[in-house]
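Residue numbers (the numbering used here), protein chains in the order written: chain A, 3 to 113; chain B, 16 to 133.
Beta carbons are placed, not taken as given, at the ideal position from N, Cα and C, and that holds for glycine.
Treat the numbers as computed from the prediction; the structure is a model and nothing was measured.
Each remark here refers to the structure printed beneath this line.
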C-alpha cells in the first residue's frame, strides 16, 4: 500500500488530454513540493515535473503539474503514443519511517 | 552530461549479501545527497536510503534498517549499498539517484537487479 494514492490506469486517444491525480496528506503533499516521474517500458524513471509545476530542461510544455491542498495533478496534452508509460508522483513525508514516498504509479495507455 | 551507472546485481540465496556500486560522472558528486530507490518487478517505486554529501548523515526505510548500509567515496565519485541478510522481498531493481532538493530525485541510473531466491 503506497503512501500516495494514484489511479492504477488512465487512457485517452492520441491528441487528447489526460490528467493523473495523486492524493496524500498534510504530512507529505500538504506541506511539501511534489515531483512527477515518467517510466517508459523497460527503462529507469525520469524526472518530469518538480516543485509542483516546474519542468526540467528538455521536458515539453505538453506536461504540466499542479497542487492544491493535499492533492497534486499531472496533466498531459496532445497525447502521443510515445507517452505510454508509468507515471509516479513523489514527495517528502514529515512523519513516516520512509522519508521519501511515492504513489503506486499510473499506467497511461494511448489508445 | 550527468550519468549514473550501477553495478553489482545478481542472484543470491536468502540470508546472503550483495554490494551495489554506482559510479557518477558529469557533475560534482561531492555536492549532492545521493539515494537508492528500488522497484520490485512489476511494482512501484520505494525509497531505500539516502546519504549526505560528506557521508555524515544517512537515512533508511524501516524495512532495511540494520541490514543495509549506504556509503560513498567522493574521491571515486561512487555510491555504494551493502545489503546483508537478504530476503525474498528485497528482490528488485535498485536505482541510484541524485537528490537535487528535499523532494526531488533529478537523475537516475539504469538500475541493477537483485534476485533473492533459494
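If you draw a straight line from the Cα of residue 102 (chain A) to the Cα of residue 76 (chain B), it comes to about 9 angstroms. Here residue 8 (chain A) is buried, its C-beta having at least 16 other C-beta atoms within 10 Å. At a cut-off of 7 angstroms between beta carbons, residue 91 (chain A) makes no contact with chain B. Residues of chain A whose Cβ lies closer than 8 angstroms to the Cβ of residue 117 (chain B) are, in chain order, 34, 35, 94.
At a cut-off of 7 angstroms between C-beta atoms, residue 46 (chain A) counts as an interface residue with respect to chain B. Separation of residue 93 (chain A) and residue 4 (chain A) (C-alpha to C-alpha, rounded to the nearest whole angstrom) is 12 angstroms. Beta-bridge partners assigned by DSSP to residue 52 (chain B): B:62, B:110.
Setting aside the 5 residues that flank it on each side, residue 50 (chain B) is surrounded in the same chain by 62, 63, 64, 65, 66, 111, 112, 113, 114, 120, each with a C-beta closer than 8 angstroms to its C-beta; the list follows chain order. DSSP places residue 77 (chain A) within a strand segment (E or B) once states are collapsed to three.
Any Cβ of chain A closer than 7 angstroms to the Cβ of residue 110 (chain B) would place that residue at the interface, and such an atom is present.
Contact between the stretch 81-99 of chain B and the stretch 80-97 of chain A is absent: fewer than 3 CB-CB pairs across the two stretches fall below 8 angstroms.
About 6 angstroms separates the beta carbon of residue 33 (chain B) from that of residue 129 (chain B), a gap short enough to meet the 8 angstroms contact definition. Approximately 6 angstroms separates the beta-carbon atoms of residue 68 (chain B) and residue 48 (chain B); this is inside 8 angstroms, confirming the contact. Interface annotation, residue 70 (chain B): not in contact with chain A, CB-CB separation never under 7 angstroms.
If you draw a straight line from the Cα of residue 38 (chain A) to the Cα of residue 65 (chain A), it is about 10 angstroms long. Chain order gives no chain A residues near residue 42 (chain B), where near means a beta carbon separation below 8 angstroms; the closest approach is about 14 angstroms.
In the same chain as residue 16 (chain A), and ignoring 5 residues on each side of it, the C-beta atoms closer than 7 angstroms to its own belong to 81, 82, 83, 112, in chain order.
By the neighbour-count definition (other C-beta atoms within 10 Å, threshold 16), residue 16 (chain B) is an exposed residue. Residue 58 (chain A) has its alpha-carbon roughly 20 angstroms from the corresponding atom of residue 23 (chain A). The beta-carbon of residue 105 (chain B) is placed no less than 7 angstroms from the nearest beta-carbon of chain A. As a beta-bridge residue in DSSP terms, residue 25 (chain B) pairs with B:129. A Cβ of chain A is located within less than 7 angstroms of the beta carbon of residue 59 (chain B).
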